[in-house]
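Trainee: In this text, residue positions in the sequence shown follow UniProt numbering: the first is 1, and each later residue adds one. The beta-carbon is built from N, C-alpha and C at its ideal position, and this holds for glycine as well. What you are looking at is a predicted structure, and each value in this text was computed from that prediction instead of being measured.
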Amino acid sequence: MPDGQPDDVGRHGELGAGRAGVQGSGQRRQRGQIRVEAERADARDEQQSREPRTTRHVLPPYDPGLAATVAALSDRVTARGQTLYLTLVTTDAARDAVLAHASGGLLDGVILRSTHGDDPLFRGLLAAGTPAVVFGEPLGAGRKLPHVKVDDRAGARTMARHLTERGYREIALITGPLDTASARNRLAGFRDVLGADRPAVSASAYSTLDGHAAMRSLLREGRPDAVFAASDVLASGALLALREAGLRVPADVALGGFDDSGLAQRSDPPLTTVRIAFDEQAEAAVSLLARVIAGESPESVTGPATLVVRAST
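This is the structure we're talking about:
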């Protein structure tokens, strides 16, 4: 993680964060084809503040690591004598309001969180010249912005190897919405180890309801002996569906997640998962933004993804 950072995130370092939004179209899966279960859009946003003393973070409503991310960012921003403002972008009007603030020079800096696809916020912020950093790997025009991400592909490979080393053979995947880089990379890592012909369902959002629906869909096609859910929130929904089907974890079906959020630790049984170091990612994001505000062009940062083994596998 980079540690060089100006003392002030723009004397009031205003961090803003982004939106999420897209869909998936329901389609049946051939062998090795991903089925998209539903359709929906997520997002967040808004903001204000003249002198840099304000940091804005834009968030989506159903983000698995949301609480951990916000807490970590708030700590880092407060330590610099700044204020973190959170904005939820769920509508075009909310997005337009953020971009109006940006074009009016009211935002000192923005951190975009959980963006989907080629989010219009990317182009709007770039056009306005607003310092911005993306928390998570962006797609589309967002690739022009520095970002902080975890090595999703390596983390998924680690989980897939763990499950095979435990002796599981019929391993399925519940991945996130495929208009996010994290979902694509976790799918790729899973396939690096297990190939492209394993059962896989793409949830339309990282939510408990979507995890529940995806697990029910997998069970209709035959019971796997292990499932890798690409977030702890998806895993929590999958666990509920398994219990409703009278199946035990891990005796009947092993279950792994991704994030190592509080959900993983409180799960019954405790969830084997891939840990994201939210504190380190937040520090890197704030440091990157400070450097962008100072006129630098910092390189993006990729943090490690670490397997945490618990009772669910």
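Answer with buried or exposed for residue 47, where buried requires no fewer than 16 other C-beta atoms within 10 angstroms of its C-beta.
Mentor: Reliability of the predicted coordinates at residue 47 is poor, the pLDDT of 38 falling under 50, and the value obtained from them is presented with this limitation in mind. Residue 47 comes out buried.
Trainee: Starting from residue 149, follow its DSSP beta bridges and name the residues at the other end.
Mentor: DSSP lists 302 as partners of residue 149.
Trainee: Does the Cβ-Cβ distance between residue 302 and residue 275 come in under 8 Å?
Mentor: No, they are not a contact pair.
Trainee: Check each candidate in 105, 71, 125 and 75 and name the one with the smallest Cα separation from residue 95.
Mentor: Of 105, 71, 125 and 75, the residue nearest in Cα terms is 125.
Trainee: Using 8 Å as the cut-off, can you tell me whether the segment 253-272 makes contact with the segment 111-128, which would need three or more C-beta pairs spanning the two stretches below that distance?
Mentor: The answer is no - the segment 111-128 does not touch the segment 253-272, with fewer than three Cβ pairs under 8 Å.
Trainee: Is residue 233 helix, strand or coil when you go by DSSP?
Mentor: Here residue 233 sits in helix by DSSP.
Trainee: Kindly list the residues whose CB is nearer than 7 Å to the CB of residue 370, restricted to its own chain and excluding five residues on each side of it in sequence; keep chain order.
Mentor: The structure shown does not extend to residue 370, since the chain is modelled only from 1 to 313, so the question has no answer here.
Trainee: In the DSSP assignment, the alpha helix (DSSP H) including residue 73 goes from what residue to what residue?
Mentor: Note, residue 73: alpha helix (DSSP H), 66-79.
Trainee: Going along the chain, which residues of its own chain have a beta-carbon closer than 7 Å to the beta-carbon of residue 221, five neighbours each way excluded?
Mentor: The answer, listed in chain order, is 199.
Trainee: When you compare the segment 138-150 with the segment 161-171, are there three or more beta-carbon pairs, one atom per stretch, that lie closer than 8 Å?
Mentor: No, because fewer than three Cβ pairs between the segment 138-150 and the segment 161-171 fall closer than 8 Å, the two stretches do not touch.
Trainee: Measuring only the C-alpha atoms, how far is residue 248 from residue 111?
Mentor: If you take the alpha carbons of residue 248 and residue 111, they lie about 41 Å apart.
Trainee: Of the residues 67, 192 and 215, which one's Cα is nearest the Cα of residue 160?
Mentor: Ranking 67, 192 and 215 by Cα distance to residue 160 puts 192 first.
Trainee: I need the straight-line Cα distance from residue 202 to residue 149, nearest angstrom please.
Mentor: Cα to Cα, residue 202 sits roughly 21 Å from residue 149.
Trainee: Can you tell me which of the three DSSP states residue 36 falls into?
Mentor: Note that residue 36 has pLDDT 48, beneath the 50 cutoff, so the model's placement of it is unreliable and the number below is only indicative. If DSSP states are grouped into helix, strand and coil, residue 36 belongs with the strands.
Trainee: Quick check: the Cα distance between residue 285 and residue 109, rounded to an integer number of angstroms?
Mentor: Looking at the two C-alpha atoms, the distance is approximately 11 Å.
Trainee: Taking the straight line between their C-alpha atoms, what separation do you get for residue 349 and residue 89?
Mentor: Coverage of the chain is limited to positions 1 through 313, which leaves residue 349 absent and any answer about it impossible.
Trainee: Which of the three DSSP states, helix, strand or coil, is assigned to residue 178?
Mentor: Residue 178 falls in the coil class under three-state DSSP.
Trainee: Less than 8 Å between the C-beta atoms of residue 69 and residue 113, yes or no?
Mentor: Yes. Within cutoff.
Trainee: List the residues that DSSP assigns as beta-bridge partners of residue 228.
Mentor: In DSSP, residue 228 forms a bridge with 173 and 256.
Trainee: In whole angstroms, what is the alpha-carbon distance linking residue 255 and residue 172?
Mentor: The straight-line gap from Cα to Cα measures roughly 10 Å.
Trainee: May I have the straight-line CA-CA distance separating residue 101 from residue 129, to the nearest angstrom?
Mentor: Answer to the nearest angstrom: the Cα atoms are 12 Å apart.
Trainee: Can you list, in chain order, the residues of its chain with a C-beta nearer than 6 Å to that of residue 246? Leave out the 5 residues immediately preceding and following it.
Mentor: Answer for residue 246: no residue qualifies.
Trainee: Out of curiosity, what's the CA-to-CA distance linking residue 227 and residue 204?
Mentor: Answer to the nearest angstrom: the Cα atoms are 18 Å apart.
Trainee: Using the three-state DSSP reduction, which class does residue 245 fall into: helix, strand or coil?
Mentor: In the structure shown, residue 245 sits in coil (DSSP, three-state: anything other than H, G, I, E or B).
Trainee: Out of 197, 194, 239 and 196, point me to the one whose CA is closest to residue 214's CA.
Mentor: When only C-alpha atoms are compared, the closest one is 239.
Trainee: Could you give the first and the last residue of the continuous beta strand (DSSP E) run that contains residue 110?
Mentor: First-last of the beta strand (DSSP E) with residue 110: 110-113.
Trainee: My guess is that residue 87 and residue 98 are in contact by the Cβ rule of under 8 Å, so how many angstroms apart are they, rounded?
Mentor: That belief holds up - the Cβ atoms of residue 87 and residue 98 are roughly 6 Å apart, short of 8 Å.
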